[in-house]
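A short write-up of the structure that comes next.
There are 2 protein chains.
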Amino acid sequence: MLPATTPQPPYYAVIFTSVRTDGDNDYGEMAQQMLELAAKQPGFLGFESARQDIGISVSYWASHEAIKAWRENILHRQAQSRATDWYKAFRVRVCRVEREYGF
Amino acid sequence: MLPATTPQPPYYAVIFTSVRTDGDNDYGEMAQQMLELAAKQPGFLGFESARQDIGISVSYWASHEAIKAWRENILHRQAQSRATDWYKAFRVRVCRVEREYGF
Chain R
581 MLPATTPQPP YYAVIFTSVR TDGDNDYGEM AQQMLELAAK QPGFLGFESA RQDIGISVSY
641 WASHEAIKAW RENILHRQAQ SRATDWYKAF RVRVCRVERE YGF
Chain E
581 MLPATTPQPP YYAVIFTSVR TDGDNDYGEM AQQMLELAAK QPGFLGFESA RQDIGISVSY
641 WASHEAIKAW RENILHRQAQ SRATDWYKAF RVRVCRVERE YGF
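Protein sequence lines correspond, in order, to chains R and E. Just so we're on the same page, my numbering is the position in the first sequence counted from 1, plus 580. Just so we're on the same page, my numbering is the position in the second sequence counted from 1, plus 580.
Right under this line is the structure:
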């Protein structure tokens, strides 16, 4: 995995920070399914993820409308309804990316 | 580590995504120093970090001015000048956090 290749700002980021519950509880399978499904959504720009003590996943999107459509996707909503099976705590932060640099 | 406790949006996030070089090259010590120094800066709101294949660190800030002051901090600039010792690739994304939710 490399840092996501994203277009010139502005675009949008959803930072999902979480602490997992103990045990898998189908988490691995569901996470993989959700990533594959997200990547097919209109306006999806990229994804980055890492987990140690906490997990941080960042998805990048072309617009607020694209984020809203993904949040309301029926399969994604079914996954969201199981959040407490997988997470002791989580925060979702919806952001407008204003500037990007690096190498 | 838990998800950062941040105020009501709007506030700002810097998403730092990176791939490490091989070997430590003083990275561990410098990363710890930089986190301690960042946490003392005016406008610092919190920090989250995880590394697997890639590293994702997110720092949260009260304003663009706070981010700029931290970017230009002299000790931080000395660390920035060694970026290629530590990173094969990195991206910095400066974001405005518009909405936050979770449990």
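Even glycine gets a Cβ: it sits at the ideal position worked out from N, Cα and C.
Using a Cβ distance threshold of 9 angstroms, Glu628(E) and Ala669(E) do not count as a contacting pair. Within chain R, the residues placing a beta-carbon under 9 angstroms from that of Gln632(E) are Met581, Ser629, Ala630, Arg631, Gln632, ordered along the chain.
Lys620(R) has its alpha-carbon roughly 13 angstroms from the corresponding atom of Gln612(R). For Arg679(R), the chain E residues whose C-beta falls within less than 7 angstroms of its own C-beta are Val674, listed in chain order. In this structure, Leu625(R) keeps its C-beta atom at 9 angstroms or more from the C-beta atom of Val599(E). Within 8 angstroms of the CB of Phe670(R), the CB atoms of chain E belong to Pro583, Gly682, Phe683, in sequence order along the chain.
Interface annotation, Gly635(E): in contact with chain R, CB-CB separation under 9 angstroms. Only Ala669, Phe670, Arg671 from the region 651–671 of chain E bring a Cβ to less than 7 angstroms from some Cβ of chain R. In the structure shown, Leu582(R) falls within a coil segment according to DSSP collapsed to helix, strand and coil.
For Arg671(R), the number of other beta carbons within 10 angstroms of its own is at least 16, and it is reported as buried.
Using a C-beta cut-off of 8 angstroms, the region 647–661 of chain R makes no contact with the region 640–656 of chain E, since fewer than three inter-stretch Cβ pairs fall below that distance. Setting aside the 5 residues that flank it on each side, Glu680(R) is surrounded in the same chain by Pro589, each with a C-beta closer than 6 angstroms to its C-beta; the list follows chain order.
Interface with chain E (9 angstroms Cβ-Cβ cutoff): Ser643(R) is excluded.
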